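Working notes, beginning with the structure itself.
Number of protein chains: 2
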Amino acid sequence: MTRRAPGKIAKKADPKALADALHSAAIHLLRTLRKEDDASGLSAPRLSALSVVVFGGPITLGRLARTEQVRPPTMTRIVTGLERAGLVKRVGVADDRRLTRIEATAKGQRVLAAGRARRVALLTESVRLLGDRELAELGRGVQLFNDVLASMTARLPPGK
Amino acid sequence: MTRRAPGKIAKKADPKALADALHSAAIHLLRTLRKEDDASGLSAPRLSALSVVVFGGPITLGRLARTEQVRPPTMTRIVTGLERAGLVKRVGVADDRRLTRIEATAKGQRVLAAGRARRVALLTESVRLLGDRELAELGRGVQLFNDVLASMTARLPPGK
DNA sequence: GAGATATCGTTAGCACAGCTAACGATCTCG
DNA sequence: CGAGATCGTTAGCTGTGCTAACGATATCTC
Numbered sequence: 001m002t003r004r005a006p007g008k009i010a011k012k013a014d015p016k017a018l019a020d021a022l023h024s025a026a027i028h029l030l031r032t033l034r035k036e037d038d039a040s041g042l043s044a045p046r047l048s049a050l051s052v053v054v055f056g057g058p059i060t061l062g063r064l065a066r067t068e069q070v071r072p073p074t075m076t077r078i079v080t081g082l083e084r085a086g087l088v089k090r091v092g093v094a095d096d097r098r099l100t101r102i103e104a105t106a107k108g109q110r111v112l113a114a115g116r117a118r119r120v121a122l123l124t125e126s127v128r129l130l131g132d133r134e135l136a137e138l139g140r141g142v143q144l145f146n147d148v149l150a151s152m153t154a155r156l157p158p159g160k
Numbered sequence: 161m162t163r164r165a166p167g168k169i170a171k172k173a174d175p176k177a178l179a180d181a182l183h184s185a186a187i188h189l190l191r192t193l194r195k196e197d198d199a200s201g202l203s204a205p206r207l208s209a210l211s212v213v214v215f216g217g218p219i220t221l222g223r224l225a226r227t228e229q230v231r232p233p234t235m236t237r238i239v240t241g242l243e244r245a246g247l248v249k250r251v252g253v254a255d256d257r258r259l260t261r262i263e264a265t266a267k268g269q270r271v272l273a274a275g276r277a278r279r280v281a282l283l284t285e286s287v288r289l290l291g292d293r294e295l296a297e298l299g300r301g302v303q304l305f306n307d308v309l310a311s312m313t314a315r316l317p318p319g320k
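Protein chains in written order, with my numbering: chain A, 1 to 160; chain B, 161 to 320.
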C-alpha cells in the first residue's frame, strides 16, 4: 500500500498514510459506537440534530439543516419527529416571522446526555487501560487531530 | 469545553475527557468528509459495504450484513444496488449452495479507490501543514487510537 | 436413508431519511 | 405599493432500516 524505505521499519510519518489511518480509525470507532445509540430510541439523524441544538443552543431550522448538511425539507421532518417526542420545541421569532427557532427541552437535554454518556463510556473504559505515558501521548494526538480539523474546515467552505 | 488548571496548559489526561474529545473529533471529521462522497454517486451504506468487499475480499452476504451491522434483507438490497451498478457480483458457492459470495468487480475497485482518494486528499492536505515533530506525535496518537479500538472490539462482542 | 431442524438469502410490507419541485408567508428594497 | 428574495412546509420520488414469513439447502437424529 505505502512504500517503505528498504530495511527501515520506523515510518517517516508520511502525511498521506497518516491521513488514511486516521480516517479509517474514525470510521471504525463510530461504527462500533453506533450500536449504543439503539438504547436511546432515537435514529442517528435525530440524535445528531438534537446534539447540535443542545450543545449549540437555539438555532433556526435552516441553519440547523446546513449544519447537518441536509436540505430544509429533511430537517423539517427530523425536527417534527423530535418535537413529537418532546425533545425540542419550535419557537416563533418576533423580529422575522419567517424564521422558526428550534430549542431543546429539558427532556431533550436529559436524553442526549444519557445517550452520549453511553457512547463515551465504552470508549472511556478502553482509554483507561492506557498508562500515564500513553494517555499523555494520546492526548497530544487528539489535540493535533483537532488542529488538523480546524485547518480543514477553515480551508474548505469559502461560502454557501 | 475542558477545564484547565489556571496558568497550566497541559492537562492531567483525564480518560473520560479524552474519550469525549476523541469521540467528538471523529464525528466532526467524518461529517466534514461526508460531503466528498456525493461525487462518487454512491450512498453512504453502499460505499461502506463496497469498501468492506474491496478491502476484505469476497465475503458472504450474511457476514457482510453483520460486519455492517445491518439485517440480511437490508444487505440484500444494498448488494442488489451495487450489482446493478456493476460494482460487485454475486457468485454461488459450490460447497454450500445456500450461500452467496459477494465479490468486487474491477470497476468496483476503481470507483472505491477514487472515492477514498477524494476523501483522504482533503485530510491529507491539512495533515501536510504539520511539522515533522507534530507529524510524529500525531502518528503516535493514531497508533494509540488503534490500540484503544482493538481493546474495545475485543471486549465488546462476546458472541452473537 | 427419511424426516425434523437449522441456516441462508429473498420477498413483502412498514417507517424514516434523503432529495427536488412547488407553494404560501414574510421580509426587503425600489 | 409592487417586485424580488428568503424561510419553512407540503407533495411525491428513491433508498435504507426493520420484522415476519418463505423457499432452498445442509445437517442432525433416529
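From the three backbone atoms N, C-alpha and C, an ideal C-beta is built for every residue, glycine too. Here the structure is a predicted model, which means the values were calculated and not measured.
Tell me which residues share the same chain as residue i and place their Cβ nearer than 6 Å to its Cβ, disregarding the 5 neighbours each side in the sequence.
{"i": "alanine 281 of chain B", "result": "none"}
{"i": "valine 251 of chain B", "result": "Arg261 and Glu263"}
{"i": "glycine 56 of chain A", "result": "none"}
{"i": "threonine 227 of chain B", "result": "Val212"}
Could you tell me the boundaries of the beta strand (DSSP E) in which residue i lies?
{"i": "glycine 39 of chain A", "result": "In the sequence as displayed, the identity of residue 39 of chain A is alanine instead of glycine. Taken as a continuous stretch (DSSP letters only), alanine 39 of chain A belongs to no beta strand (DSSP E), as it is neither H nor E."}
{"i": "glycine 92 of chain A", "result": "88-92"}
{"i": "threonine 100 of chain A", "result": "100-104"}
Secondary structure at residue i, three-state DSSP: helix, strand or coil?
{"i": "arginine 4 of chain A", "result": "Note that arginine 4 of chain A scores 49 on pLDDT, short of 50, meaning its location in the model is unreliable; the coordinates nonetheless yield the value given after this. Looking at arginine 4 of chain A - three-state DSSP - the assignment turns out to be coil, as it is neither helix nor strand."}
{"i": "threonine 67 of chain A", "result": "helix"}
{"i": "lysine 160 of chain A", "result": "Because the pLDDT at lysine 160 of chain A is just 35, under 50, the model does not fix this residue reliably, and the point stays unresolved."}
{"i": "arginine 110 of chain A", "result": "helix"}
Using the Cβ count rule (16 or more neighbours within 10 Å means buried), how would you classify residue i?
{"i": "alanine 154 of chain A", "result": "exposed"}
{"i": "glycine 108 of chain A", "result": "buried"}
{"i": "arginine 244 of chain B", "result": "exposed"}
{"i": "serine 203 of chain B", "result": "exposed"}
{"i": "valine 172 of chain A", "result": "Any question about residue 172 of chain A goes unanswered here, given that chain A covers just 1 to 160."}
{"i": "alanine 186 of chain B", "result": "buried"}
Could you give the residue range of the alpha helix (DSSP H) that holds residue i?
{"i": "proline 232 of chain B", "result": "232-244"}
{"i": "arginine 300 of chain B", "result": "292-315"}
Quick one: what's got a C-beta closer than 8 Å to residue i's C-beta in the same chain, skipping five residues either side?
{"i": "leucine 64 of chain A", "result": "Ala49, Val52, Val53, Met75, Val79 and Ile102"}
{"i": "valine 271 of chain B", "result": "Ser200, Leu202, Leu210 and Leu247"}
{"i": "threonine 105 of chain A", "result": "Gly86, Leu87, Val88 and Lys89"}
{"i": "valine 70 of chain A", "result": "Pro45 and Ile78"}
{"i": "leucine 47 of chain A", "result": "Asp37, Ser40, Leu112 and Gly115"}
{"i": "valine 287 of chain B", "result": "Leu295 and Leu298"}
{"i": "arginine 34 of chain A", "result": "Ala44"}
{"i": "leucine 283 of chain B", "result": "Leu189 and Leu193"}
{"i": "phenylalanine 305 of chain B", "result": "Leu182"}
{"i": "serine 311 of chain B", "result": "none"}
Among residues of its own chain, excluding the 5 on either side of residue i, which ones have a beta-carbon nearer than 7 Å to its beta-carbon?
{"i": "threonine 2 of chain A", "result": "Confidence in threonine 2 of chain A is poor, its pLDDT being 49 and thus under 50, which makes the residue's placement too unreliable to answer from."}
{"i": "leucine 130 of chain A", "result": "Leu138"}
So does residue i have its beta carbon nearer than 7 Å to some heavy atom of the ligand SAH?
{"i": "aspartate 147 of chain A", "result": "Ligands displayed in this structure: none; no statement on the ligand SAH is therefore possible."}
| request: Report yes or no: do three or more beta-carbon pairs, one from the region 96-103 of chain A and one from the region 132-149 of chain A, lie closer than 8 Å? | output: Proximity of the region 96-103 of chain A to the region 132-149 of chain A falls short of the contact definition, fewer than three beta-carbon pairs being nearer than 8 Å.
| request: Specify whether the region 220-235 of chain B and the region 174-184 of chain B touch according to this definition: at least 3 beta carbon pairs, one from each stretch, less than 8 Å apart. | output: Contact fails: fewer than three Cβ-Cβ distances are below 8 Å.
| Touching or not, the region 228-246 of chain B and the region 273-292 of chain B, by the rule of three or more beta carbon pairs under 8 Å? | no
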